[in-house]
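What follows is a single structure, written as structure tokens, with notes after it.
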Amino acid sequence: MADKSITKTELVASIASATGQSQAAVSGVLDALFSTVADAVAKGSKVSIPGWIAFEQVATAARTGRNPQTGAEIKIPAGHRVKVTAGSKLKAAVK
381 MADKSITKTE LVASIASATG QSQAAVSGVL DALFSTVADA VAKGSKVSIP
431 GWIAFEQVAT AARTGRNPQT GAEIKIPAGH RVKVTAGSKL KAAVK
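In the working numbering, the protein residues as written are 381 to 475.
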């Protein structure tokens with residue numbers, strides 16, 4: 381397992397180095413990518429980069445949970461969450 385995670389700054393620097401683009405340009409592209417994905421998923425669309433990753437909104441049902449401090453039952457309302465699925469190329473890269 382990896383000892384550390386990569387920050388956005390490190391990701392931007394790595395991409396800028398690999399592509400010869402400025403870090404400002406790469407950062408702008410990443411910001412636009414994340415914004416576009418968030419907007420599309422919020423509207424209910426599925427965003428897929430074939431072979432790499434897919435994002436989609438899924439509904440969660442109302443359910444009963446427990447407060448971990450008191451043990452009291454609480455009602456958790458229905459809502460939405462984001463489902464992220466790794467594609468075949470990403471899975472193969474991890475093996």
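Every residue gets a Cβ at the ideal spot worked out from N, C-alpha and C, and that includes glycine.
Just grab the DSSP bridge partners of residue i for me.
i: Glu-453; result: Arg-446
i: Val-464; result: Phe-435
Considering Cα atoms alone, identify which of the options is closest to residue i.
i: Ser-425; options: Ser-385, Leu-470, Lys-471 and His-460; result: His-460
i: Ser-468; options: Trp-432, Ala-452, Glu-453 and Ala-393; result: Trp-432
i: Pro-430; options: Pro-448, Ala-404 and Leu-470; result: Leu-470
i: Gln-403; options: Leu-410, Asp-411 and Ala-393; result: Ala-393
Look at the alpha carbon of residue i and the alpha carbon of residue j, and state the distance between them as a whole number of angstroms.
i: Leu-413; j: Ala-466; result: 17 Å
i: Leu-391; j: Glu-453; result: 42 Å
i: Val-406; j: Ala-442; result: 41 Å
i: Ala-439; j: Asp-419; result: 17 Å
i: Gly-408; j: Ala-472; result: 29 Å
i: Ala-396; j: Asp-411; result: 14 Å
i: Lys-463; j: Thr-444; result: 21 Å
For residue i, I'd like the list of residues in its chain whose CB is within less than 8 Å of its CB, leaving aside the five on either flank, ordered along the chain.
i: Ala-422; result: Gln-437
i: Pro-457; result: Ala-442
i: Thr-399; result: Val-406
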